[in-house]
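Numbers 24 to 182, taken from the working numbering, label the letters of the sequence shown in order.
Just so it is clear, CB atoms sit at the ideal spot from N, CA and C, and this is done for glycine as well.
None of these values were measured; they are calculated from a predicted model.
Written out below as structure tokens is the structure these notes cover.
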Amino acid sequence: MSHQLRRLHVKRCGRGFTLVELLVVMAIMVIVTTLTVQGILKYGLRQQYLQFATGVQNAITEARSKTLAGINDTTYGVYVGTSTIEYFSGTVPVVGSAANTIIEIPSYINATSSLTGDIWYVSFARLTGVPSVIGTIEIGDRRSEAVTTFTIYASGLVQ
Numbered sequence: 024m025s026h027q028l029r030r031l032h033v034k035r036c037g038r039g040f041t042l043v044e045l046l047v048v049m050a051i052m053v054i055v056t057t058l059t060v061q062g063i064l065k066y067g068l069r070q071q072y073l074q075f076a077t078g079v080q081n082a083i084t085e086a087r088s089k090t091l092a093g094i095n096d097t098t099y100g101v102y103v104g105t106s107t108i109e110y111f112s113g114t115v116p117v118v119g120s121a122a123n124t125i126i127e128i129p130s131y132i133n134a135t136s137s138l139t140g141d142i143w144y145v146s147f148a149r150l151t152g153v154p155s156v157i158g159t160i161e162i163g164d165r166r167s168e169a170v171t172t173f174t175i176y177a178s179g180l181v182q
């Protein structure tokens, strides 16, 4: 009887994994790794996009805040172009001026504005903060198809 147990033990220990089992495990690992890497990449792309969109919203809010505060005794505004978004002082932008704070629009971002009067910029009135135009500014990411729309209301509120 001990001889039979020894033989069973040898058979069981020498068995190992089959090629099919190894291939199935490797296929599952490849699928899980691919999904994980894609998720991490999409997260990184989304963070880049959100950082840009937040920067645009902050520029608009800062323009209104500085105007209301009367800093440098002038008004401030934001110009939305096809390749740049520019934070400027005064009521009308001088596009590309060295005095402007220029935010380059990355190639994967699409920025459009639908402001009253087909004007590409908004500036704010001193003391009241009322915008020169109302409408929306839309920031889109071509890679992830994410879109953020900022609405400029008649009160000057930007959401």
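Residue i in three-state terms, based on DSSP
i, result
"Phe-150", "The sequence given here places Leu at residue 150; Phe does not occur at that position. Correct three-state label for Leu-150: coil."
"Leu-180", "coil"
"Phe-75", "helix"
"Val-47", "helix"
"Val-170", "strand"
"Val-124", "Going by the sequence as given, residue 124 is Thr instead of Val. It is a strand residue."
"Ile-175", "strand"
"Ser-155", "coil"
"Ser-112", "strand"
"Gly-39", "coil"
"Val-60", "helix"
"Val-117", "coil"
"Gly-67", "helix"
"Gly-93", "coil"
Residues bridged to residue i (per DSSP)
i, result
"Ala-134", "Ile-162"
"Val-145", "Val-101"
"Thr-107", "Glu-127"
Euclidean distance between Cα positions of residue i and residue j
i, j, result
"Leu-45", "Arg-165", "40 Å"
"Ser-178", "Arg-87", "11 Å"
"Met-49", "Ser-130", "38 Å"
"Met-52", "Ser-167", "26 Å"
"Asp-141", "Thr-77", "24 Å"
"Val-101", "Leu-64", "31 Å"
"Gly-152", "Gly-93", "10 Å"
"Phe-147", "Val-117", "16 Å"
"Leu-68", "Ile-54", "21 Å"
8 Å CB neighbourhood of residue i in its chain, flanking five on each side removed
i, result
"Ile-175", "Ile-83, Leu-138, Val-145, Pro-154, Val-156, Ile-157, Gly-158, Thr-159, Ile-160 and Val-181"
"Glu-85", "Tyr-99 and Tyr-110"
Contacting residues, own chain, Cβ-Cβ under 6 Å from residue i (five flanking each side not counted)
i, result
"Asn-123", "Glu-109 and Phe-111"
"Val-103", "Ala-134, Ser-136, Trp-143 and Ile-160"
"Thr-114", "Thr-98 and Ser-146"
Beta-carbon proximity list for residue i, same chain, < 7 Å, skipping 5 on both sides
i, result
"Asp-96", "none"
Cβ separation of residue i and residue j, assumed to be a contact under 8 Å, to the nearest whole Å
i, j, result
"Thr-56", "Arg-149", "In fact, because the Cβ distance is near 58 Å, the residues do not count as touching under 8 Å."
"Ser-106", "Ile-128", "6 Å"
"Tyr-66", "Ala-169", "So it is not a contact: roughly 12 Å between Cβ atoms."
"Phe-173", "Gln-80", "6 Å"
"Ile-162", "Phe-40", "Actually they do not touch by this definition, with Cβ atoms about 52 Å apart."
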